[in-house]
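Step one of this worksheet: look at the structure below.
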Amino acid sequence: MKLANKGKTRRFWLDEGVLLTTGDYQVPKYENLRKEIIKECYNSDWVSHRDVAQFSFNLQRSEATGKSPFEIVMEQQPMTPDAIALTYGGKSPTAHKLSGETRACLNKAVWKIKKWADTRRRHLEFNEGDLVLIKLLPQQFKSLRKIHKGLVRKYEGLFPIIKQVGKVSYQVQLPPRLKIHPVFHVSFLKPYHTDMEDPSRGESK
Numbered sequence: 408m409k410l411a412n413k414g415k416t417r418r419f420w421l422d423e424g425v426l427l428t429t430g431d432y433q434v435p436k437y438e439n440l441r442k443e444i445i446k447e448c449y450n451s452d453w454v455s456h457r458d459v460a461q462f463s464f465n466l467q468r469s470e471a472t473g474k475s476p477f478e479i480v481m482e483q484q485p486m487t488p489d490a491i492a493l494t495y496g497g498k499s500p501t502a503h504k505l506s507g508e509t510r511a512c513l514n515k516a517v518w519k520i521k522k523w524a525d526t527r528r529r530h531l532e533f534n535e536g537d538l539v540l541i542k543l544l545p546q547q548f549k550s551l552r553k554i555h556k557g558l559v560r561k562y563e564g565l566f567p568i569i570k571q572v573g574k575v576s577y578q579v580q581l582p583p584r585l586k587i588h589p590v591f592h593v594s595f596l597k598p599y600h601t602d603m604e605d606p607s608r609g610e611s612k
């Protein structure tokens with residue numbers, strides 16, 4: 408420090424009371440830490456950002472201890488702009504009340520979204536051999552024929568169910584002309600109901 412202060416060494420120098428040097432350093436492999444440090448060194452004023460870099464480094468949890476250097480010293484992680492306190496563990500009644508009201512508002516919003524989604528949701532189950540109609544996406548019609556999208560039928564069919572794949576998908580027996588994957592989500596399937604009075608009703612003549 409004394410040599411650098413007097414300018415008698417080229418390896419170290421002082422900048423605003425901070426001892427600086429150059430050379431090769433080993434940077435721990437923490438997510439994008441290396442990339443961010445290199446970016447700061449080459450694309451910005453490193454000296455003015457060294458506090459931010461040190462703060463970021465002290466927040467990274469070690470694989471050995473499971474805690475960050477800051478957490479080891481202070482027994483808790485600091486609050487950052489992108490951190491959200493899910494629960495409050497302090498002694499302030501006002502903070503407890505505010506946390507509870509916020510949580511209640513979030514739960515109410517989630518309930519409203521779910522209620523709206525449930526009105527449009529339909530529960531469907533198919534058995535092997537059931538006939539279904541398939542709703543194809545626009546890009547899937549490229550393998551069928553060149554036709555204006557306004558003239559494309561909303562559903563293609565009829566196709567028999569081969570088996571259930573997972574909880575909400577089914578494998579369908581497709582003709583050779585449809586060169587697409589035979590497994591579809593249940594939301595793309597529509598059950599076919601035979602017209603008991605006239606089975607041929609609606610067919611092209």
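For the sequence shown, the numbering used here begins at 408 and goes up steadily by one.
Each residue gets a CB set at the ideal place from its N, CA and C atoms; glycine is no exception.
Here the structure is a predicted model, which is why all the values come from computation and not from measurement.
### Query
So which of Asp605, Asp525, Thr487, Ser576 has the shortest CA-CA distance to Val593?
Ser576
### Task
Give the C-beta separation of Gln580 and Ile569 to the nearest angstrom, bearing in mind that I take them to be a contact with Cβ-Cβ under 8 angstroms.
Right, their Cβ atoms sit about 5 angstroms apart.
### Query
Taking buried to mean at least 16 other C-beta atoms within 10 Å of its own C-beta, is Phe566 buried or exposed?
buried
### 4-residue-minimum alpha helix (DSSP H) runs that sit fully inside the stretch 498-552, ordered along the chain
500-527
### Message
Quick check on the DSSP output: the alpha helix (DSSP H) that includes Ile587 runs from which residue to which?
### Response
Segment: none, Ile587 is in no alpha helix (DSSP H) and carries neither H nor E.
### Query
Which residues in the same chain as Arg528 place their Cβ atom closer than 7 angstroms to its Cβ, once the five residues preceding and following it in sequence are excluded?
none
### Query
Of the residues Val572, His600, Glu563, Tyr599, which one's Cα is nearest the Cα of Pro582?
Checked all of Val572, His600, Glu563, Tyr599; the closest Cα to Pro582 is Glu563.
### Query
Pick from Pro476, Thr501, Ser469: whose alpha carbon is nearest that of Gln461?
Pro476
### Task
Below 8 angstroms CB to CB, which residues in the same chain sit around Val572 once its five sequence neighbours on both sides are set aside?
Gln578, Val590
### Task
Whole angstroms is fine: what's the gap from Ala524's alpha carbon to Thr472's?
44 angstroms
### Query
Taking the DSSP output, what are the residues bridged to Glu563?
Ile541
#### Entry: Simplified DSSP state of Lys442, which is helix, strand or coil
Secondary structure at Lys442: helix, using DSSP grouped into helix, strand and coil.
### Per DSSP, the bridge partner or partners of Leu558
Answer is none; Leu558 lacks a bridge partner.
### Query
Once you ignore the five residues that flank Lys474 on each side, which residues in its own chain have a CB closer than 7 angstroms to its CB?
Excluding sequence neighbours, Lys474 sits near Arg468.
### Task
Can you check DSSP and say which residues form a bridge with Tyr599?
Residue pairing by DSSP places Tyr599 in no beta bridge whatsoever.
### Task
Provide the residue(s) that pair with Ser475 in DSSP beta bridges, ordered along the chain.
Looking at the DSSP assignment, Ser475 forms no beta bridge with any residue, so it has no partner.
### Query
CB Val517 to CB Leu596, shorter than 7 angstroms?
no
### Query
If we ignore side chains and look at the alpha-carbon of each, how far apart do Thr501 and Asn514 end up?
20 angstroms
### Query
What three-state label does DSSP hand Gln461 in the structure shown?
Helix, per DSSP.
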